[in-house]
Structures are given as structure tokens and as C-alpha cells.
Amino acid sequence: MRIVVICGTGLIGLKTVAILREGGHEVVAASPNGGVNTVTGEGLKEAITGAQVVIDVSNAPSFDAGGGARCGCS
Numbered sequence: 152m153r154i155v156v157i158c159g160t161g162l163i164g165l166k167t168v169a170i171l172r173e174g175g176h177e178v179v180a181a182s183p184n185g186g187v188n189t190v191t192g193e194g195l196k197e198a199i200t201g202a203q204v205v206i207d208v209s210n211a212p213s214f215d216a217g218g219g220a221r222c223g224c225s
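Note that the working numbering has the sequence shown beginning at 152, numbered continuously upward.
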């Protein structure tokens with residue numbers, strides 16, 4: 152099964168991805184460093200295309216002093 156983990160490179164996401172892969176699933180760890188920004192939607196459509204399941208383990212976005220928004224994963 153193809154599973155996308157939103158913020159799959161964060162603290163909880165890394166563990167979730169590892170467990171799913173051990174179970175034999177095809178897992179995509181979607182994160183800003185991988186070109187997926189859930190705040191702006193950039194790369195999101197491409198990341199979830201073909202997925203049977205999407206798991207979102209991201210934090211609420213934070214907004215920096217420059218007006219930018221980012222999630223809690225890398």
C-alpha cells in the first residue's frame with residue numbers, strides 16, 4: 152500500500168515511516184525539504200497522487216517575524 156506521511160521527517164514522522172516500512176508498505180515521507188509545503192500547498196498534489204492513505208503528523212504552522220509560515224518538520 153502506498154502511504155504518504157505528512158511531516159514524515161519530524162520526530163513522530165520518522166518513527167511512523169519506519170514502522171510502516173517494516174510492515175512492507177511503500178511510504179513517502181513528505182516534508183518541506185522534500186519539496187512538500189502543506190502551508191502553501193506546494194508539491195502536495197504530486198506527493199499524494201496514487202496514495203491509498205495520507206497520515207498527517209505535522210504540527211500547527213508557526214509564523215516567523217518576516218511573515219513566512221513553516222511547519223514543525225524539516
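Positions of the beta carbon are idealized from the N, C-alpha and C atoms, including for glycine. These numbers come from a predicted model, not from an experiment.
Assigned exposure category for residue i - 16 Cβ within 10 Å defines buried
i, result
"Thr167", "buried"
"Thr189", "buried"
"Ile170", "exposed"
Simplified DSSP state of residue i, which is helix, strand or coil
i, result
"Ala198", "helix"
"Val208", "coil"
"Val178", "strand"
"Val190", "coil"
Test item: CB-CB of residue i and residue j under 9 Å
i, j, result
"Arg153", "Val187", "no"
"Ala181", "Ile163", "no"
"Gly185", "Thr160", "yes"
Supposed contact pair residue j and residue i - C-beta distance, whole angstroms, cut 8 Å
i, j, result
"Val155", "Val208", "In fact, because the Cβ distance is near 11 Å, the residues do not count as touching under 8 Å."
Nearest to residue i (by Cα), restricted to the options the options
i, options, result
"Leu210", "Glu173, Cys224, Leu165", "The residue you asked about is not Leu; residue 210 is Asn in the sequence shown. Checked all of Glu173, Cys224, Leu165; the closest Cα to Asn210 is Cys224."
"Pro183", "Gln203, Gly201, Leu195, Ile206", "Leu195"
Residue i beta carbon near the ligand NAD (any heavy atom closer than 8 Å)
i, result
"Lys196", "This structure lacks the ligand NAD; in fact it carries no ligand of any kind."
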